[in-house]
Every structure is written in structure tokens, then in C-alpha cells.
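Remarks on the structure that follows.
Residue numbers (our numbering): 444 to 658.
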């Protein structure tokens, strides 16, 4: 609390000021989350070096740049044997989240808590790529975009693909297929049980007559 001087004005209490400064300093050391930028990325480990986009305000009023944070796990959706991955590039925007406790054991040192006392530390960060200040997206469709290649799923049951499609596996179609270009096939084509390459025709005769249908 403040004391009253002979002039009738409150004078700062050194003890209160020291406590207030210490509290601000401690609170300033608690990291929760902030935007950042990818400085480097290792696809083999899915780890990145990130640079926080904000600055650090000290209890003394100084404004400092945060250091680079190395060895930051980058989130990729994964469950069971299913996974979605995407290429992470230098300069990508991201959201950096900081863990309540040390992540050392979770990252592979052992399965037990190492009792490290640090909390909300810069070194215990994870990264979510894709956080942008401004971005334009479709208001209706679900889209996957990689450069000029895109897949768009519309709410009226349509899938629009821009780009070449390579399929390794079988295709089953229960509807009608329409092609506006040529069809090239290295194997046989079976239509109503009749082979395109091995079928025969009956009623063969010379002259301008027609054969019977394929069989």
C-alpha cells in the first residue's frame, strides 16, 4: 500500500512495487499461444523451427523479440492407420501453443514424468500450420488445394477435380460415365460379357454385306 507524505500525497510503497514487479515478471513468463512463422521444416520428423510473430514485454517496460524455437512438433491429423498430411513451407503462418508442463518425456525420452519444474515454457511448444490473418475460402464447398490442383466437394453431391488423376486400384461405377476426350486402354474392354479384343462376328461374307453383331 502507499504511505501519505507530509504534503498529503500518497508516496509509492517500495514493498508493494517490488511485489507488483515480481508478479508482472512471473505472469510475463507464462506462454499460452501466439501466431508464428515457419523458419524451417523437417518432413522426416515433422518438426519445425518457428519464429513467434509477437514481441515480449518485460516487467521493466522493455520490448524484445522472442528467440527462434527449435524442435517444435507440427500437428498433422492422424488417427489409427488414417492420416492427412500436407507440405509445410518456409514462411507459412502458424499458431504456436505452449504446454503446461515439459514435453521432454512425451517426445520420447521415457514414459514417466521427469518432474521438470518448468511450466508454459517456450521450449515446450507445438505448432498448428495454417493460421493466417486473412484468407479467402469457399463459403459452401469442402476443398483440397495444392497449387493449381484442386478437389472440391459440393453440398449437392458433386466432386469437381482439377488436374490429372492417377488411380492404382479398381474402379466401380454404378451410374453413367461420360467422356469428352479419347479413351486409351492397355487391356481388354468387356461390354455385356463380350470382349473387345477377342470377340468374333458371324455371317461373314465378301462384298458389301454386314456381319452379324459381336459375340
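Note that CB positions come from ideal geometry on N, CA and C, so glycine has one too.
Within the model, the alpha-carbon separation for residue 529 versus residue 488 is close to 14 Å. Using a C-beta cut-off of 8 Å, the stretch 474-494 makes contact with the stretch 534-543, since at least three inter-stretch Cβ pairs fall below that distance. Bounds of the beta strand (DSSP E) holding residue 479 are 476-485. Residue 533 places its beta carbon less than 9 Å from that of residue 484. One alpha carbon belongs to residue 515, the other to residue 595, and they sit about 32 Å apart.
For residue 458, the three-state secondary structure derived from DSSP is helix. In the pairwise beta carbon analysis, the stretch 558-570 is classified as not touching the stretch 589-607: fewer than three pairs are separated by under 8 Å. Cβ contact annotation for residue 511 (same chain, cutoff 8 Å, sequence separation greater than five): 482, 492, 493, 494, in chain order. Residue burial annotation: residue 629 is exposed, with fewer than 16 other C-beta atoms found within 10 angstroms of its C-beta.
Under a 10 Å Cβ-count criterion, residue 474 is classified as buried, with 16 or more other Cβ atoms of the shown protein chains found around its own Cβ.
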